[in-house]
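Number of protein chains: 2
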Amino acid sequence: MSFSPLIDELVVAFKCLPGVGAKSAQRMAFSLLERNREGGLKLSQALHNAMEHISNCEQCRTFTESKLCGICSNPSRIDNGDICVVESPQDVIAIEQTLQFKGTYFVLMGHLSPIDGMGPAEIGLDVFQQRLTQDAVKEVILATNPTVEGEATAHYISQMCKKQNIKTTRIAHGVPVGGELEYIDGNTLTHAFTGRRDF
Amino acid sequence: MSFSPLIDELVVAFKCLPGVGAKSAQRMAFSLLERNREGGLKLSQALHNAMEHISNCEQCRTFTESKLCGICSNPSRIDNGDICVVESPQDVIAIEQTLQFKGTYFVLMGHLSPIDGMGPAEIGLDVFQQRLTQDAVKEVILATNPTVEGEATAHYISQMCKKQNIKTTRIAHGVPVGGELEYIDGNTLTHAFTGRRDF
Ligand SMILES: [Zn+2]
Ligand SMILES: [Zn+2]
Chain A
1 MSFSPLIDEL VVAFKCLPGV GAKSAQRMAF SLLERNREGG LKLSQALHNA MEHISNCEQC
61 RTFTESKLCG ICSNPSRIDN GDICVVESPQ DVIAIEQTLQ FKGTYFVLMG HLSPIDGMGP
121 AEIGLDVFQQ RLTQDAVKEV ILATNPTVEG EATAHYISQM CKKQNIKTTR IAHGVPVGGE
181 LEYIDGNTLT HAFTGRRDF
Chain B
1 MSFSPLIDEL VVAFKCLPGV GAKSAQRMAF SLLERNREGG LKLSQALHNA MEHISNCEQC
61 RTFTESKLCG ICSNPSRIDN GDICVVESPQ DVIAIEQTLQ FKGTYFVLMG HLSPIDGMGP
121 AEIGLDVFQQ RLTQDAVKEV ILATNPTVEG EATAHYISQM CKKQNIKTTR IAHGVPVGGE
181 LEYIDGNTLT HAFTGRRDF
């Protein structure tokens, strides 16, 4: 369409980004070509580095290029003894911004969804079980999304904790039902944390 | 913010794209990491190829990875004898989609704007003068944007053509004053082309 195969390939490639359609993709391609080739090359390199080198933290499963993420490699966070279970790495970022939580995380990278083939192993609950057995866990805070799947996943994990006699709580009021955790403002999340109840 | 330097670099790099703020950039980064690393690597490669290899057509100045663009290397387009002058490569795409024009283009890559240091040489009018002198030009169609700068640029080019006794026309009704050519629908552009008048 642009009469340049390289530009056409770039426009098609931009459409893999969320919320980017044909017209936005074309604007992005020409904007970089016309005004910011250095920025385009930096983005190319950053994409390559991230796609090739980002893996999962061995302890909490969040994205990291190291064996352990920045939180799991901080002894004071481990010693705290609380584990907050979330569905995605973006949820970790959102909770960290509230400055309310001093423990570590466990990132499910999804939720239980048998219809999509997401069982306990797919969301890392074998690794989580090891942490419950080996670490000195004081409390597990269930911060999965307040959706049907998130609630079911929280319930399943609370049963695992109960077998180990570990206290579990669920983040509570302030989180609108049906909402997605990563879009909630820090203030609301702070309330949800301080108002958590036994599960 | 994400506790991974590589992810933070990727989020910052995405913000060089038009219309992409901090939150969109974060969504783009995690969307690729979670669901489409292959797409991310393809985008990285496409960006690299385009930023490094796209240059300007020697004859019309539009973006191309070849010496001549696909239109300028088509003998029947050259033989047509009409040259359509536009401000940007996106304008070429928009006009081609109307299927109304069978000649070649001249892409200014901007417009006259002395305050920004954009004089006749910066918009390639030395190259354009050569085409007027050397090629068998039948008509120059001025399709710069209907803005103050676009009109002034069209006026300047029409004076150049007058000196060579070459007919100049300006695309006309249908293009809303103050609008940007690349956002206009094909039907309106078709009307603007067929209704062009002497300049
Ligand atoms: Zn970790
Ligand atoms: Zn050309």
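Here the protein sequences come in this chain order: A and B. So for the first sequence, full-length UniProt numbering puts the first residue at 1; every next one is plus one. So for the second sequence, full-length UniProt numbering puts the first residue at 1; every next one is plus one. From the three backbone atoms N, C-alpha and C, an ideal C-beta is built for every residue, glycine too.
### Query
Could you check where the alpha helix (DSSP H) with I93 of chain B kicks off and where it finishes?
Taking the second sequence and counting its residues from 1, the one referred to as residue 93 of chain B is at position 93. For I93 of chain B, the enclosing alpha helix (DSSP H) begins and ends at 89–98.
#### Entry: Per-residue DSSP class, three states only, for K138 of chain B
Here residue 138 of chain B refers to the residue found at position 138 of the second sequence. K138 of chain B sits in coil when the DSSP states are folded into three classes, being neither helix nor strand.
### Query
Just to check, is the beta-carbon of Q159 of chain B closer than 7 Å to a non-hydrogen atom of ligand 2?
Here residue 159 of chain B corresponds to residue number 159 of the second sequence, with the count starting at 1. The answer is no for Q159 of chain B.
### Query
Straight-line CA distance for I7 of chain A to N187 of chain B?
By one-based count along the first sequence, residue 7 of chain A stands at place 7. By one-based count along the second sequence, residue 187 of chain B stands at place 187. Annotation: I7 of chain A to N187 of chain B spans about 25 Å, alpha carbon to alpha carbon.
### Query
L17 of chain A CB to nearest chain B CB: under 8 Å?
Position 17 of the first sequence holds residue 17 of chain A. For L17 of chain A, the answer is yes, since a Cβ of chain B falls inside 8 Å of its Cβ.
### Task
Using a Cβ-Cβ cut-off of less than 7 Å, give me the residues of the region 40–67 of chain B that come near chain A, in sequence order.
Residues G40, L41, K42, L43, S44, A46, L47, H48, N49, A50, M51, H53, I54, F63, T64, E65.
### Message
Using DSSP's beta-bridge definition, name the partner residues of Y105 of chain B.
### Response
Translated into positions along the second sequence, residue 105 of chain B becomes position 105. Answer is B:C84.
### Message
Following a CB-centred definition, is T153 of chain B positioned closer than 7 Å to any heavy atom of ligand 2?
### Response
The residue labelled residue 153 of chain B in the question sits at position 153 within the second sequence. Distance from the C-beta of T153 of chain B to the nearest heavy atom of ligand 2 is not below 7 Å.
### Query
Span of the beta strand (DSSP E) holding R196 of chain B?
Counting from one through the second sequence, the residue named residue 196 of chain B turns up at place 196. Annotation: R196 of chain B is outside any beta strand (DSSP E) and is labelled neither H nor E by DSSP.
#### Entry: Beta carbon proximity, P89 of chain B to chain A, threshold 8 Å
In the second sequence, residue 89 of chain B corresponds to position 89, counting from 1. P89 of chain B counts as touching chain A.
### Query
Tell me, which residues are paired with M118 of chain A by DSSP?
Locating residue 118 of chain A in the first sequence gives position 118, counting from the first residue. M118 of chain A is bridged by DSSP to A:S113.
### Query
Quick one, which of B:C16, B:R37, B:Q164, B:R77 has its alpha-carbon nearest T133 of chain B's?
The sequence position of residue 133 of chain B within the second sequence is 133, counting from 1. Measuring from the Cα of T133 of chain B, the nearest candidate turns out to be B:Q164.
### Task
Return the residue from the list B:Y105, B:A192, B:S88 that minimises the CA-CA distance to R27 of chain A.
Locating residue 27 of chain A in the first sequence gives position 27, where the first residue counts as 1. Shortest Cα-Cα distance from R27 of chain A to any of B:Y105, B:A192, B:S88 involves B:S88.
### Message
Taking the straight line between their C-alpha atoms, what separation do you get for I115 of chain B and E149 of chain B?
### Response
As a first step, residue 115 of chain B is located in the second sequence; it is residue number 115 there, counting from the start. As a first step, residue 149 of chain B is located in the second sequence; it is residue number 149 there, counting from the start. Rounded to whole angstroms, I115 of chain B and E149 of chain B show a C-alpha spacing of 11 Å.
### Query
With C-beta atoms as the reference, is G103 of chain A less than 8 Å away from I83 of chain A?
Stepping through the first sequence from its first residue, residue 103 of chain A is reached at position 103. Stepping through the first sequence from its first residue, residue 83 of chain A is reached at position 83. It is a contact, given that the beta carbons lie within the stated cut-off.
### Message
Against chain A, does Q26 of chain B count as a neighbour if the rule is that its beta carbon must be under 8 Å from one of theirs?
### Response
One-based indexing of the second sequence puts residue 26 of chain B at position 26. Yes, its Cβ sits closer than 8 Å to a Cβ of chain A.
### Task
Mind the definition here: the region 36–46 of chain B touches the region 64–71 of chain B only if three or more C-beta pairs lie below 8 Å; say whether that holds.
No: fewer than three Cβ pairs fall under 8 Å.
### Query
Looking only at its own chain, which residues have a Cβ that is under 6 Å from the Cβ of E139 of chain B, when we skip the five neighbours before and after it?
In the second sequence, counting from the first residue as 1, residue 139 of chain B sits at position 139. Within the same chain, E139 of chain B has close Cβ partners D82, K167.
### Task
Could you check if A22 of chain A is buried or exposed, using at least 16 other CB atoms within 10 Å of its CB as the buried criterion?
Reading the first sequence from its first residue, position 22 is the one you call residue 22 of chain A. Counting every other CB atom within 10 Å of its CB across the protein chains shown gives A22 of chain A a total below 16, marking it as exposed.
### Query
Expressed to the nearest angstrom, what Euclidean distance is found between the alpha-carbon atoms of A152 of chain B and L112 of chain B?
As a position in the second sequence, residue 152 of chain B is number 152, starting the count at 1. As a position in the second sequence, residue 112 of chain B is number 112, starting the count at 1. Cα-Cα distance, rounded: 7 Å.
### Message
So S31 of chain A contacts chain B; which residues on that side make the cut at Cβ distance below 8 Å?
### Response
As a first step, residue 31 of chain A is located in the first sequence; it is residue number 31 there, counting from the start. Within 8 Å Cβ-Cβ: L17, P18.
### Range covered by the beta strand (DSSP E) that runs through R170 of chain B
The residue you call residue 170 of chain B lines up with position 170 of the second sequence. Taken as a continuous stretch (DSSP letters only), the beta strand (DSSP E) holding R170 of chain B covers 167–170.
### Task
Write down the C-beta distance between G19 of chain A and L32 of chain A rounded to the nearest angstrom, noting that I regard them as a contact closer than 8 Å.
Taking the first residue of the first sequence as position 1, residue 19 of chain A is located at position 19. Taking the first residue of the first sequence as position 1, residue 32 of chain A is located at position 32. G19 of chain A to L32 of chain A, Cβ: 18 Å. No contact.
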